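From first to last, the protein sequence lines are chains A and B.
In terms of my numbering, the first sequence is residues 1 to 311.
In terms of my numbering, the second sequence is residues 1 to 535.
Here's the structure, in structure tokens; my notes come after.
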Amino acid sequence: MTASIYGIIYAGVLVFVVASVLRAVRYAKLPAHLRWELYPVPHEEAERARHGGSYFEVPDWWTKPRKVNFAGELKVMIPEMLFLKALREFNRKLWYRSFVFHFGLYLLAGTIALLAVAALGTILLPSLLAGFVGAVLHTLYTATGLCGAVMAIIGAAGLLHDRLSDPNLKNYTAPGDIFNLAFFIAALGALAAGYLLRGPGGPGALALACGLLRFDTAIPVPGVLSAGLVLGALLVGYIPLTHMSHFIAKYFLYHNIRWDDLPTAQSAEIQRRFAGYLTFRPTWAARHIGADGARTWADIAATNPSVGAGK
Amino acid sequence: MKEAVKLGDMSRPGRTPLAHLENEDLMRLPPPLEDPSKYHNWTALAPHTREKYECGLDDTCALNLPQPQTKEEEAQLVAKFLSGLEKLFTRENNWTFLQPLLLTMEHCAKCQTCSEACHIYEASGRNELYRPTFRSEVLRRLYFQYVKHGGLLSSLQHGAIQLNWPLVARLAELSYRCNLCRRCAQTCPIGADNGLVAHELRKLFSQEMGIAAKELHDTGSMLQLKAGSSTGMNAEVVKDNIRFIDEDTSEKTGIQVETPWDVEGADILLIHNAGEILAWPENPGAFALILNAAGVKWTLSSELAGYDSINYGLWYDDAQFARVALKHAQAARKLGVRKIVLAECGHAHKALSVIADRVLLGDLSIPRESSMTLLRDIVMSGRLGLDPDRNDFPVTLHDPCNLVRLMGVVEPQREILRKICPRFREMEPHGVDNYCCGGGSGFAIMSGNNFPDWRFHVSGRKKLEQILNAFADCLDPSVPKYLCAPCSNCKGQFRDMLAYYNLWEKNRILYGGLVELIVNAMTDVRPGYIEWEWH
Ligand code: SF4
Ligand code: SF4
């Protein structure tokens, strides 16, 4: 039984990592698109970023050194990642639920990291973890774990309530959206209940983490906790298979699209890539395009349809 | 209360429109337009239009898409749509925008945060059909069903929709109910972009099925590539017109103005939206006067499309876009100028400076600069004698989306106005948070059927509210007011919309460009460059 639970947890984590990496690689390998930035672009020089300006505001901008203000990006990215700043600004009602949900998940991610440290420490440096450090870690992962689970469940319940009752969301809610939120509530509910109700003989979080690392199947895992662990593992594996992997998409949507204002003339790499794309052979069928599967984008762009075959 | 349109309604057989708006449904406007019962009534679509064309979406019809005559024809059109849909998601056909499109398709959280940012949705009285996510969600469901070939599990996860001809016909129209202003995208917490979706849908229809608004394609980019300008002016005609403008400007200002043509090695190639030359000649006249007075070495080009910065392909077709952008760059290369300066046209700014940037390689990579930046430089340098008292009337500024939110040229025009217009006041919100004029993405030139009714009642409504609020303290007709719109398309929309609501006659709200205000303040020039006449 315990071995099966370990197996499912390993599989869940493996699927999460592999699917996330594959998704990120798939997006990264897409052709670089035409520029499509949206202002404000926060890595502009501070005085321009303040009003959303770009280097196009500078006379003969191409003759001036381009300074990229990474601190400006961080000033936007960190509050966005941690506190969902855009949602707070533009959709406060939803933010109350979504922030509680996401922050709960961050705390749970932190719990896993702390548990991993504690478990590795217990195995490799047992003397260090036996004392004060171990006690601090125990307090931390217990607190973040329970707070995280409670917040994520409350947030998910709030989001689910909205999905079911808000007429603005009705048109756009698929059964999958309901399922996803219910899945979070069920998995985290079972995990929290299983942990709290595990009884005196049940394993603590650290014991389970150590067991996982050592593949120690002698640890008895009570029923509800087993269900929580299995559901949690399945959820972890499921997330990157769905649109809930927007933590990956967001990187590309912000850095590669909204904020990509790199002038082509200043990047040999970009020039090389785009020269390559111009050799692609489209098959669009409208007559004015004049594509036949053999002509390249460069040929098509150089053709005047008002005087040629596409007239 | 009307029942909200559902996604599934898009496939509803027949041609009964899915949405109908009454004046009472629309967002309320401030004085003097606070009483909806006094608005124009909408012109109903003519019966023969409804009989001949696909008008099953709402009260208007932008495309005049002919109704197929047989079931077979319908099936063929649906099959064509499907093949276009697949191409939209392939590298060879759509490398230009595949990455942002795919990310938007796969990662919208359906939170509807973007809806409140959309002026069309708000102005329509929050009609579901005009929600930014409505058309995106239709495309998203089609993507998962027909491009990803998702089965039952996928349809449970993403939702399903029935693909048939009524849906395709309505989707084509719906792609022309968005100004492509991307205000919605600015508020999306994920970074998804519903404006892009409308853009990509238009591309699918144009590039695969040959369906586009005729004002953008036939009498737009095609005419430009044939005659040299979407106004139909060839090089000889445009030179003649500019000569007349030079004469008029010289006479009016007392300063001899001559526009240089095809000067090799000039510092600047200036490209106007050629619509200015016909509709607002005082704008190119003012440019010529300012650049000459500032001692700039500049020229116009008489090459094909070199004298018309319009690039309508930006709004519906990548191939047409690239063709015109190449023509602009080639005109500059031929003259060996140091830089191209874009005159007062927002979409031309973004088209050539931003969107074309990745494809103007090698010797076609000639730097592009905004006229706002150049003019700010000239005004601030003290090269012109300027008397702000000559502009002592209320002035507000419209931010063209393409120039501001989509290109980041925000402050130069404001610095000028703060210097030369003592009664300058901002609209709220402004800068990168501005609202579209309602004519964006080609609407300003689309006047078929009763489309203007929709344009002035719905897409332009939020901007109208902003203008009235900006002038709320001086609406009395004894005070002439100036709405500064440094963009030809926006001016076209303002000309038609202010006339529609009678705001010149009743409240003396005039619109115009930025250079006119500069010349109006120039001390060397006879007073009264701005004539306070409706045109
Ligand atoms: S586009 Fe963005 S803001 Fe709009 S519903 Fe999707 S995730 Fe929400
Ligand atoms: S791009 Fe502009 S008009 Fe189109 S949906 Fe978004 S906000 Fe509305």
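Don't be surprised by glycine CBs; every beta carbon is placed ideally from N, CA and C.
Source: prediction; values computed, not measured.
By the three-class DSSP mapping on this structure, what secondary structure does residue i have?
| i | result |
| --- | --- |
| W315/B | helix |
| P66/B | strand |
| C484/B | strand |
| L197/A | coil |
| R233/B | It should be pointed out that residue 233/B corresponds to Met in this sequence rather than to Arg. Residue state, collapsed to three classes: coil. |
| R425/B | strand |
| W261/B | strand |
| W454/B | helix |
| M522/B | strand |
| T299/B | strand |
| L386/B | strand |
| R12/B | coil |
| T144/A | helix |
| D162/A | helix |
| I219/A | coil |
| E215/B | coil |
| D248/B | helix |
| M77/A | helix |
| I530/B | coil |
| L33/B | coil |
Distance check for residue j and residue i, CA to CA, integer angstroms please.
| i | j | result |
| --- | --- | --- |
| V237/B | G492/B | 22 Å |
| L146/A | Y143/B | 40 Å |
| A319/B | L253/A | 25 Å |
| G159/B | D9/B | 14 Å |
| L201/B | P65/A | 38 Å |
| A309/A | G290/A | Residue placement at A309/A cannot be trusted, given a pLDDT of 43 that sits under 50; what the coordinates show is reported in the next sentence. Roughly 7 Å between the two C-alpha positions. |
| H40/B | Q145/B | 43 Å |
| A293/B | L403/B | 26 Å |
| E199/B | G199/A | This sequence places His at residue 199/B; Glu is not what is there. Those two C-alpha atoms are separated by around 59 Å. |
| V337/B | L153/B | 59 Å |
| K311/A | N304/A | Bear in mind that the predicted position of K311/A carries a pLDDT of just 43, short of 50, making it unreliable; the figure below should be weighed with that in mind. Distance between the alpha carbons of K311/A and N304/A is about 9 Å. |
| E93/A | H102/A | Looking at the sequence shown, residue 93/A is not Glu but Lys. Answer to the nearest angstrom: the Cα atoms are 15 Å apart. |
| E86/B | R177/B | 23 Å |
| W534/B | L514/B | 17 Å |
| K250/A | Q271/A | 25 Å |
| H246/A | I190/B | 7 Å |
| S306/A | Q76/B | 27 Å |
| F274/A | E72/B | 41 Å |
| L160/A | K85/A | 21 Å |
| P68/B | H51/A | 50 Å |
| C111/B | L169/A | 7 Å |
| S230/B | K334/B | 22 Å |
| W95/A | G155/A | 10 Å |
My assumption, with CB atoms under 8 Å, is that residue i sits in contact with residue j. Please give the rounded CB distance.
| i | j | result |
| --- | --- | --- |
| D496/B | P452/B | 6 Å |
| K67/A | E45/A | 6 Å |
| P40/A | A32/A | Going by Cβ atoms, the distance from P40/A to A32/A rounds to 22 Å, so no, they are not a contact pair. |
| R405/B | R183/B | 7 Å |
| G346/B | P429/B | About 17 Å; that fails the 8 Å criterion. |
| Y435/B | K463/B | 5 Å |
| A174/A | Q157/B | 6 Å |
| A227/B | T259/B | Contact flag wrong, Cβ pair sits at about 20 Å. |
How far does the beta strand (DSSP E) with residue i in it extend, from its first residue to its last?
| i | result |
| --- | --- |
| T396/B | V395 to L397 |
| Y511/B | I509 to G512 |
| S370/B | R368 to S370 |
| V341/B | K339 to L342 |
| I271/B | I268 to I271 |
Between which two residues does the alpha helix (DSSP H) harbouring residue i extend?
| i | result |
| --- | --- |
| I290/B | E282 to A293 |
| R273/A | A268 to Y277 |
| K463/B | R461 to A470 |
| C184/B | R183 to T187 |
| T133/B | P132 to L142 |
| I355/B | It is not in any alpha helix (DSSP H) - I355/B carries neither H nor E in the DSSP assignment. |
| V117/A | R92 to L124 |
| N194/B | N194 to M209 |
For residue i, verify whether its CB is less than 6 Å away from any heavy atom of ligand 4.
| i | result |
| --- | --- |
| I355/B | Summarising the ligand content, the structure contains ligand 1 and ligand 2 and does not contain ligand 4. |
Query raised in the report: Where are the alpha helix (DSSP H) runs, 4 residues long or more, that stay fully inside the stretch 1 to 48 of chain A, in chain order?
Result: 2 to 28
**Report entry** Runs of beta strand (DSSP E) wholly within the stretch 49 to 108 of chain B (minimum 3 residues, chain order)
**Finding:** none
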